[in-house]
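Enquirer: Dumping the structure here so I can ask a few things about it.
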Amino acid sequence: MSTLREHGRTRIIQSISISISSFISLETPGLAFLVHLIEREREREREREIEKSATEAEIHVRNRLILRSIQTAKNIFRGSFSGRRGMLGFEPQPSFDSSK
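Per our numbering: the sequence shown = residues 29 to 128.
So, in structure tokens, the structure goes:
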């Protein structure tokens, strides 16, 4: 939902910027400052998008590493109790408690 809101805000800023720069002369100091503010907001929006995609990429890599670790642990655990050799390379030997 917030992505749609951000996208809508970006579109509004872009349309305002295009309207101002195409219909109004930038010789007036107040209007030039307004256009400057709009351009700065557009640059900030681009920076936010870059940061957001970088954060999502970091989360994706971290999740993939966690899932691989879990799968490796499952394979080791499953192999150590099955009839075949596990990933550790040995079969577990039954332990006998001599204290009983």
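Note that CB positions come from ideal geometry on N, CA and C, so glycine has one too.
#1: If the criterion is Cβ atoms closer than 9 Å, does the pair Glu73 and Arg106 meet it?
#2: What does the alpha-carbon distance come out to for the pair Arg90 and Ile98?
#3: Is the Cβ-Cβ distance between Ile44 and Ile66 less than 9 Å?
#4: Relative to the C-alpha of Glu71, which candidate in Asn103, Lys102 and Gln42 has its C-alpha closest?
#5: By Cβ distance below 8 Å, which residues in the same chain neighbour Glu69 in space, the five residues on each side in sequence not counted?
Expert: The short version:
#1: For Glu73 and Arg106, no; Cβs fall outside 9 Å.
#2: Each residue's alpha carbon lies about 12 Å from the other.
#3: Yes, Cβ-Cβ distance for Ile44 and Ile66 is below 9 Å.
#4: Measuring from the Cα of Glu71, the nearest candidate turns out to be Gln42.
#5: Hits under 8 Å: Ile41.
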